[in-house]
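One structure is given here, and the rest of the page talks about it.
Number of protein chains: 2
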Amino acid sequence: VVYKIFIYLIKICFEFYICVCVCVCAGNVFVSFIGSEDRTPKKKFSEVQKERREQAQRTVLIHCPNKISEKKFLKYLSQHGPISHHFFYESFGLYAVVEFCQKESVTSLQNVTRTPSMGTEAAIPFKSRFFNLKLKNPSSQTSEKSSIPCSNHSPPSSKKLSELLCYAESVDDQLNTLLKEFQLTEEDIKLRYLTCSLIEDLAAAYFQDCTVRPFGSSVNSFGKLGCDLDMFLDLDEIGKLNTSKTSGNFLMEFQVKNVPSERIATQKILSVIGECLDHFGPGCVGVQKILNARCPLVRFSHQASGFQCDLTTNNRIALKSSELLYMYGALDSRVRALVFSIRCWARAHSLTSSIPGSWITNFSLTMMVIFFLQRRSPPILPTLDYLKTLADAEDKCIIEGHNCTFIRDLNRIKPSGNTETLESLLKEFFEYFGNFAFNKNSINIRQGREQNKPECSPLHIQNPFETSLNISKNVNQSQLQKFVDLARESAWILSQEDKDRPSPSSNQPWGLAMLLQPSVVSSVSLAKKKRRKPASERIKNLLESIKSHSPENDTDTNGKRTVSTQA
Amino acid sequence: VVYKIFIYLIKICFEFYICVCVCVCAGNVFVSFIGSEDRTPKKKFSEVQKERREQAQRTVLIHCPNKISEKKFLKYLSQHGPISHHFFYESFGLYAVVEFCQKESVTSLQNVTRTPSMGTEAAIPFKSRFFNLKLKNPSSQTSEKSSIPCSNHSPPSSKKLSELLCYAESVDDQLNTLLKEFQLTEEDIKLRYLTCSLIEDLAAAYFQDCTVRPFGSSVNSFGKLGCDLDMFLDLDEIGKLNTSKTSGNFLMEFQVKNVPSERIATQKILSVIGECLDHFGPGCVGVQKILNARCPLVRFSHQASGFQCDLTTNNRIALKSSELLYMYGALDSRVRALVFSIRCWARAHSLTSSIPGSWITNFSLTMMVIFFLQRRSPPILPTLDYLKTLADAEDKCIIEGHNCTFIRDLNRIKPSGNTETLESLLKEFFEYFGNFAFNKNSINIRQGREQNKPECSPLHIQNPFETSLNISKNVNQSQLQKFVDLARESAWILSQEDKDRPSPSSNQPWGLAMLLQPSVVSSVSLAKKKRRKPASERIKNLLESIKSHSPENDTDTNGKRTVSTQA
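Each protein sequence line maps, in turn, to chains A and B.
Residues 789 to 1355 (the numbering used here) are what the first sequence spells out, left to right.
Residues 789 to 1355 (the numbering used here) are what the second sequence spells out, left to right.
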């Protein structure tokens, strides 16, 4: 017996050790939020950003031949210095992301790299950290046929997800499984920062001290695998240097081009960077300059990483918004699981869409979940105003006249005493918003309580920093009604579910999986509505929703400034 | 008496010393060609280019307040390191060119320089070597009112030139005076290399090992003050690096954009650089992309230096052509004096023009003078074929299949034994071409003798390197006839002149000055022709000459590939 207890203790210790290793070694801040509430110090958003950026700067992207020996590949690259991390993935071909321990290794590699001679074609001789590896003698390696383990960065199919959810042990387990399947992986995050870093190299050619920062879903911990990569060119550091060093009666300034406004400066900078991406940027395709939008941007596809990218210039409020979401996501492990599930539910029922229109956005849904969690008793999440009261002098942040101050040290915020299960929270969420007085009340995470709507939009969710703006101004009454109907239906399904959960082996959808099915009740009710609204009506709605998305009507609907092309 | 002789000897020695100082100190290779035939070793073209480029890289351009104390200005800049050379000039305001002894001084200056804050306007925060100096307290310096000596870089007016020529002592003196007044000054040359270097900085942002090289009149020693600045982006060094260093079975290449042809690559590169110049390039205005021309180019005005610039990509034959002219210009002091005078004469009679058309080009005139000097007995200049026979292995140069080999060490070419005066050469030039059988013969500096014309263009001058091309294909019969008529008339005037030269004090134009006057004989004969040809006829001619300049008909007419826009 003593022996058995001893073995058991060793087993527990070992499992705990593995668990800690996963949390610590992976270096992925998100991993630590899943499952158990670990009390290891959490990093500040800015620390994570800085660390990731520094990692990315000593990382290279290599397009590899399909048949390659991983061992020989690593040996070859190690000539330039030790490698701290690497992984492979498949996109249009096989790619490797190789992170060196030192930045100098990248330069060393670049020094032995040649510009390809193209034969009949011609090459734009641009030197980046994106390489193309070739075999001098392809046959010598094919014999090995070692299959290289590739990291995945696309979300599971509906079918696969449904299976995974059916085999889960509880609704809580279902929500956590969904989060685990959809959240960005460590590799995907590395690739996102690397992509920004490669674009930064291009921009830094002209703007020496610039930074290209990812923002939005790539960094706010709510991003889903495959989501767009939003980045902005931060030129703020440039003007700040050495203004005090001048001596004597002279003042030396750089001769620069002057333009009538910041907006025109932004447009010109993005225009030239767009040209560079288009003509020189390795792997950058489909470059679109959308310079007349409220927030001018360059949209392009980074082919090798597979990311659809939006590049804007100084977008500090959006970055602050990302930081706030990151904070809320990190404060309680239930937040991200609930948000991912609600978003997945909304997408399954076409409440959200990848094209702009009168649909509810993921950002609005996230705000609704945060608001809901602030309304629990005891609250699971603190209000933004409370986070502001905790802020110290260093946290102070005013951007374009907006007070964006809140405490940034996660470790100084007391965890919630609320112990509700995810299952209960999911059901309560649907009930809460199924009965919310949208017609008179506004959702407001700053104060964490309903406010009277200051304007007549069907759905009013206050922008947390630009408080006069409604982030869901684009949502029309029929979309809101659809949301309410589906929320009520889902609440009902979950209450029914309690009574007749199928046996685990039956392979029948249940719990969350049931909610993601094309809804029975709602499909009937929607079918009824469809009979009432003919196709022409639906097309009219679509046109209206597109019209209402013209730039003049554009408000901040997803935490970054939204974008639309002008005809 | 002994004392007087002693003083006299000291005086002679001192004058000789001054003379040597001027030749050596000015560091201007051109100075040494004027006047006496000095036998100090002459630099190779490539050596001059390299030295000038290196100087330019440690030079900065500073826009200064109008009232500035030169002494304080230099003291302020010396904080960053010793200054080897500086000068001021006026353009749109007062500018200073400051050449530091070390390149590091430029970086030091940049480190204390700030990006201007614009108030209502916005700045594109680009950091170059072009600065704007401001006074913190303007009143403190205005009191000094020290007028800063400014270097001049525009040619004399016709009136001024006429005066200078009238006061000359001989026709030889007149030709040398004209050369001295029109040739590029040391300062102008420095400014040209600096401008190229500033553009290189912009291009090097993307193409690390690129060089922007001036070519044509700025470097061939035949450039006139105020002439355009031709430059090309040399990317040849980029592909050449480290191709042999790869080890093992792997070959690493930069991932680059591929395009179907070199031409498209050139267009894309120039297009982006054009955008950069337009949007970021301090002082670059009026940027035109002329990408569909035979030799795609970006034309722009560098406002601060006042240069009209043409930027092309790899244009090595044109650079070789510049080197050849530089050689011919340096071989005998009479060459440049004669070429400048003939060009000035042609311009005075509208035989040449600054706009493209059927006019004779300066390059064609230069070739005619070189050819003429090769035909003297004994020859003043060697043939290109002879320069080729003198070449050693290092001189070998094949560009795009054309043999451009010739000896590059000037000191290995024996000077001519011909002692004809410039006056005599000028007269003989007009007589020679007044009676040249243009209808059947071709001008050919490679062989230095008339050849049968291989095609029917009125004027045929063989391109020295691309020997199947006619550099004066654009010249029509009427322009050629006008040249012949004026040459004959000028020969006649010069022969008359011998008999009745006015007294030096009479202020009457004589010699070369007489030739630059609106011609008496020719104006009569031209007036006659004008009566025969009405305005409509002349307009027709103009249109034809413009038409004949469309890209398909473009041949090499001025030693660089000519350029024209497509509609």
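Cβ atoms here follow ideal geometry from the backbone N, Cα and C, with glycine treated the same way.
With 8 Å set as the bound, which would you pick, yes or no: does the beta-carbon of residue i sit closer than that to a beta-carbon of chain C?
| i | result |
| --- | --- |
| residue 897 (chain A) | This model lacks chain C altogether; the protein chains it does include are A and B. |
Just to confirm the assignment, what range does the alpha helix (DSSP H) spanning residue i have?
| i | result |
| --- | --- |
| residue 1356 (chain B) | In this structure chain B extends from 789 to 1355, so residue 1356 (chain B) is not present and cannot be described. |
| residue 1052 (chain B) | 1050-1067 |
| residue 834 (chain B) | 833-845 |
| residue 1113 (chain A) | 1104-1119 |
| residue 899 (chain B) | 892-899 |
| residue 1301 (chain A) | 1300-1304 |
| residue 863 (chain B) | 858-866 |
What do you reckon, is the C-beta of residue i under 7 Å from a heavy atom of the ligand NAD?
| i | result |
| --- | --- |
| residue 903 (chain B) | With respect to the ligand NAD, the structure offers nothing, as it holds no ligand at all. |
Measure the Cβ-Cβ separation of residue i and residue j and say whether it is below 8 Å.
| i | j | result |
| --- | --- | --- |
| residue 914 (chain A) | residue 1042 (chain B) | yes |
| residue 1068 (chain B) | residue 1060 (chain A) | yes |
| residue 921 (chain B) | residue 1095 (chain A) | no |
| residue 1172 (chain B) | residue 1252 (chain B) | yes |
| residue 887 (chain A) | residue 872 (chain A) | yes |
| residue 890 (chain B) | residue 981 (chain B) | no |
| residue 1303 (chain A) | residue 1283 (chain A) | no |
| residue 1102 (chain A) | residue 1023 (chain A) | yes |
| residue 1271 (chain A) | residue 1139 (chain A) | yes |
| residue 1223 (chain B) | residue 1239 (chain B) | no |
| residue 1246 (chain A) | residue 1262 (chain A) | no |
Under 6 Å Cβ to Cβ from residue i, same chain only, skipping five residues before and after it: list those, please.
| i | result |
| --- | --- |
| residue 897 (chain A) | 868 |
| residue 1076 (chain B) | 1087 |
| residue 1105 (chain B) | 1187 and 1253 |
| residue 939 (chain B) | 875, 877 and 975 |
| residue 810 (chain A) | Confidence is the limiting factor: at residue 810 (chain A) the pLDDT is only 40, short of 50, which leaves the residue's position unreliable, though a coordinate-based value still follows. Cβ neighbours of residue 810 (chain A) beyond the five flanking positions: none. |
| residue 987 (chain B) | 1000 |
| residue 1111 (chain A) | 833 |
| residue 936 (chain B) | 858 and 876 |
| residue 850 (chain B) | 884, 919 and 921 |
| residue 1097 (chain B) | 1017, 1088 and 1090 |
| residue 1073 (chain B) | 1089 and 1091 |
Taking 7 Å as the limit between beta carbons, can you name the residues of its chain near residue i, skipping five residues before and five after?
| i | result |
| --- | --- |
| residue 1071 (chain A) | 918, 1090, 1091 and 1092 |
| residue 1129 (chain B) | 963, 966, 1214 and 1300 |
| residue 848 (chain B) | 886, 894, 897, 917 and 919 |
| residue 1210 (chain A) | 959, 960, 963, 1122, 1125 and 1126 |
| residue 996 (chain A) | none |
| residue 1305 (chain B) | 1297 |
| residue 1269 (chain A) | none |
| residue 1155 (chain A) | 1231, 1233, 1249 and 1259 |
Name the DSSP bridge partner or partners of residue i?
| i | result |
| --- | --- |
| residue 1085 (chain B) | B:1078 |
| residue 967 (chain A) | Answer by DSSP bridge pairing: none, since residue 967 (chain A) is not bridged. |
| residue 888 (chain B) | B:871 |
| residue 1187 (chain B) | B:1190 |
| residue 1042 (chain B) | A:919 |
| residue 882 (chain B) | B:852 and B:878 |
| residue 938 (chain A) | A:876 |
| residue 1090 (chain A) | A:1072 and A:1095 |
| residue 910 (chain A) | B:1047 |
| residue 902 (chain A) | B:1041 |
Give me, in chain order, the residues of the same chain whose beta-carbon lies closer than 8 Å to that of residue i; leave out the 5 immediate sequence neighbours on both sides.
| i | result |
| --- | --- |
| residue 1335 (chain B) | Any reading at residue 1335 (chain B) needs caution, since the residue's pLDDT is 49, under 50, leaving its predicted position unreliable; the model's value is listed next. Cβ within range, chain order: n/a, list empty. |
| residue 895 (chain B) | none |
| residue 990 (chain B) | 916, 1061, 1064, 1065, 1068 and 1069 |
| residue 1051 (chain A) | 1084 |
How far does the beta strand (DSSP E) with residue i in it extend, from its first residue to its last?
| i | result |
| --- | --- |
| residue 1096 (chain B) | 1095-1101 |
| residue 1365 (chain A) | The shown model of chain A, from 789 to 1355, leaves out residue 1365 (chain A), and the question about it has no answer. |
Requested in this report: Note down, one range per segment and in chain order, each alpha helix (DSSP H) of at least 4 residues found wholly within the stretch 971-1034 of chain A.
Outcome: Fully enclosed alpha helix (DSSP H) runs of 4 or longer: 974-992 and 1024-1027.
Query raised in the report: Residue ranges of each beta strand (DSSP E) run of no fewer than 3 residues wholly in the stretch 1236-1282 of chain B, ordered along the chain?
Result: none
Requested in this report: Starting from the N-terminal side, write out each stretch of the alpha helix (DSSP H) that is 4 residues or longer and does not extend beyond the stretch 1161-1232 of chain A.
Outcome: 1172-1178 and 1210-1222
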